[in-house]
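Everything below concerns the one structure shown next.
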Amino acid sequence: MTNAAGFPILSLITWLPLVGCVIIMMVRGDEETIASNARWAALWTSLIVLALSLVLWVLFDQSDPGFQFNESVSWLPEYKVGYKMGVDGISVLFVLLSTLLTPICILSAWDVIKVKVREFMLSFLILETMMVGMFCATDFVLFYMFFEGVLIPMYLIIGIWGGPRRVYSAVKFFLYTLTGSVLMLLALIAMWVHAGTTDIVTLLHTPFPASMQTWLFLAFFASFAVKVPMWPVHTWLPDAHVEAPTAGSVILAGVLLKMGGYGFLRFSIPMLPDASTHFAPFMFALSVVAVIYTSLVALAQEDMKKLIAYSSVAHMGVVTIGMFTFNFQGIAGSIFQMLSHGIVSSALFLIVGVVYDRIHTREIARYGGLGDRMPSYALVFMLFTMASVGLPGTSGFVGEFLVIIGALQVNFWLALLGGMGMILGAAYMLWLYRRVIFGRITHADLRSILDLSPREWAVFAPLMVLTLWMGVYPSSFTSYFDASVGAMVQHHTAALATTTKLAGMVH
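So in our numbering, spot 308 of the sequence shown is number 335, and the numbers just go up one at a time.
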């Protein structure tokens, strides 16, 4: 195994959660002892993984657009398939996001999950391995295994610890995502037949025929569009969010939705430049519909979780607009927006979870006047509401601003319609905040409700710091992926120029 620093840090970050699983499985005693030890083992394991990913973040060379910390082991040499890991400026931040949200989820579920606690913690650690592995994989077969592996623990988290309609939601989530992924597997096989390798770095520089690119793009689209999720294949998301436990909703919004966007950035756009350019108007149309339609649907919701779920679809619509502008500002904005959304939407689901854990309802009509009883909660809620709206000084503003600049270089109306998400976002988020925080307390359940506990402060504090840090000093994050995005835009432009030149020679 080789590594730039002589140490397989990516493999350690990826597989260490499974060591935590083994420790949890070895715990013996009565049910209460097992539950307590499982919680602590899961939390410490995830914190160690987070510490290692911070080391990765610090050691990462921001000026290098290529993959770093490369590891390679021969796996299936006769098929040129290997165990290959590496991170570039894009994936390193998603690794950090995954490893940050995992301990936050475990901490948020500390007192909430009371049945099958050991199994719940095992599911989350397995999920962390799959998420981190997917962002680190530089072999297509390895990527696909992690990409699909995410489904199993997430299916269990929704199906076992979810709400009344948890089985229906879990099955719908599984079927939607698996169906698209089967088509991606066919695309993978076709690329392997054409290029003779599954190495992602090699495939990034392999020219595919224009006719082949079209079918490959559609196959990738079937898989990644469901994961984003794009309109109209987004209907699994509100069901999954509503029925999932709070920790499940956090990881679903924070990381799993980013897998689709990451797929477009890693495969569709750099490997299939002609097809990506050809389908860009189609992607813009779907994205604009998602931004406006799902924002209006969010405005009509009476369930807090559903409102935030539909807002996620709208925010991810902005992300896909930015990606397919094929310019530096648009792509950089889409990456920043994904990172920001991962933090802000996770925090909003945690905010819903705080009051749900106390009175067990998400109906907006049941709330009102919480600002009197829970001033700290009102403050935290306000910060993340403003970040979701895109207030300058918060992380939500930077990504949307860059995407709009990128969209303006393509088409004025695209930028205008894409920017409508900020206006509509202000409408539904401020409406939600007013209903929950202001007014008079009308329900008896709310008159004795308690403010944030120290554990809940520990959950929100890192998310609040990051939201403000990314908003005030965005270059400390954009500097990590600037070189990779610049190389991607340059590669895309050169590939299109080559195609144009070849077409001219044919004519």
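Beta carbons: idealized from backbone N, C-alpha and C, even for Gly.
Since this is a predicted model, take the numbers as computed values, not measurements.
Quick one: what does DSSP say residue i is sitting in, helix, strand or coil?
i	result
W258	coil
E59	helix
P35	coil
G113	strand
D88	coil
D478	coil
T520	helix
I319	helix
I468	coil
N64	helix
P501	coil
H305	helix
In chain order, what residues of the same chain lie with their CB nearer than 7 angstroms to the CB of residue i, ignoring the 5 residues before and after it?
i	result
A453	V416
L70	P130, I133 and L134
L178	F201, T204 and L205
G186	R193, V194 and A197
L313	M257 and W258
F94	G113, V114, D115, T165 and V228
A271	I184, I185, G189 and L279
P104	none
Drop a sphere of 10 angstroms on the beta-carbon of residue i, count the other beta-carbons inside from all chains shown, and report buried for 16 or more, exposed for fewer.
i	result
G56	exposed
V209	exposed
G369	buried
K332	buried
Y507	buried
V76	buried
F9	Nothing in the structure corresponds to residue 9, since the chain is present only between 28 and 534.
R461	exposed
D138	exposed
F439	exposed
T262	exposed
S303	buried
P180	buried
R467	exposed
A521	exposed
D266	buried
L284	buried
H519	buried
M53	exposed
R474	exposed
I216	exposed
A32	Below a pLDDT of 50, predicted positions are generally treated as unreliable, and A32, at 48, falls in that range; the measurement from the model is reported next regardless. That one is exposed.
L81	exposed
S63	exposed
G290	buried
E155	buried
Got a sec? Which residues, its chain only, sit under 6 angstroms from residue i by beta carbon, not counting five neighbours each side?
i	result
S125	M158, V159 and V282
W102	V108, G109 and Y110
F174	M161
H268	S276, K332 and A336
S338	A325
I319	M447
My assumption, with CB atoms under 8 angstroms, is that residue i sits in contact with residue j. Please give the rounded CB distance.
i	j	result
F355	V516	5 angstroms
L490	S373	7 angstroms
K254	M286	5 angstroms
A524	D91	The Cβ separation is near 25 angstroms, so there is no contact.
L418	F411	Wrong, their Cβ atoms sit about 11 angstroms apart, outside the cutoff.
D166	T233	Contact doesn't hold; Cβ gap of about 14 angstroms is too wide.
A341	G448	5 angstroms
L128	P44	Rounded, the Cβ-Cβ distance is 13 angstroms, inconsistent with contact.
F147	W188	6 angstroms
I296	M350	6 angstroms
G207	S250	4 angstroms
A442	I431	5 angstroms
So, for residue i: in the same chain, excluding its five sequence neighbours on each side, which residues have a beta-carbon less than 8 angstroms away from its beta-carbon?
i	result
T29	With a pLDDT of only 42 at T29, under 50, the local geometry of the prediction cannot be trusted, and no value is derived from it.
V381	Y404, L479 and E483
V463	M331, V382, I391, Y394, G395, L397 and F408
Q436	T352, N354, Q356 and G357
E427	V345, G360, Q364, G417, G446, G448 and M449
L83	I36, L37, I40, F96, V114, V119, V122 and L123
L213	A246
Sorry if obvious, but does the Cβ on residue i come closer than 6 angstroms to a heavy atom of the ligand SAH?
i	result
L283	With respect to small molecules bound, the structure shown includes none, and the ligand SAH cannot be examined in it.
So, is the C-beta of residue i closer than 7 angstroms to a C-beta in chain D?
i	result
L444	Within the model displayed, chain D is absent; a lone protein chain is all it includes.
| message | I'd like the ranges of any alpha helix (DSSP H) spanning at least 4 consecutive residues and lying wholly in the segment 95-181. | response | 118-135, 144-163 and 167-176
| message | Please give me, in chain order, every unbroken run of the alpha helix (DSSP H) with length at least 4 that falls completely inside the segment 382-436. | response | 397-400, 402-416 and 422-435
| Of all the alpha helix (DSSP H) runs that stay within the bounds of the segment 189-228, which reach a length of 4 or more residues? | 193-222
| Whole runs of the beta strand (DSSP E) within the segment 329-384, excluding any shorter than 3 residues | none
| field | Length at least 4, wholly inside the segment 234-302: the alpha helix (DSSP H) runs in chain order | value | 237-254, 263-270, 273-278 and 284-290
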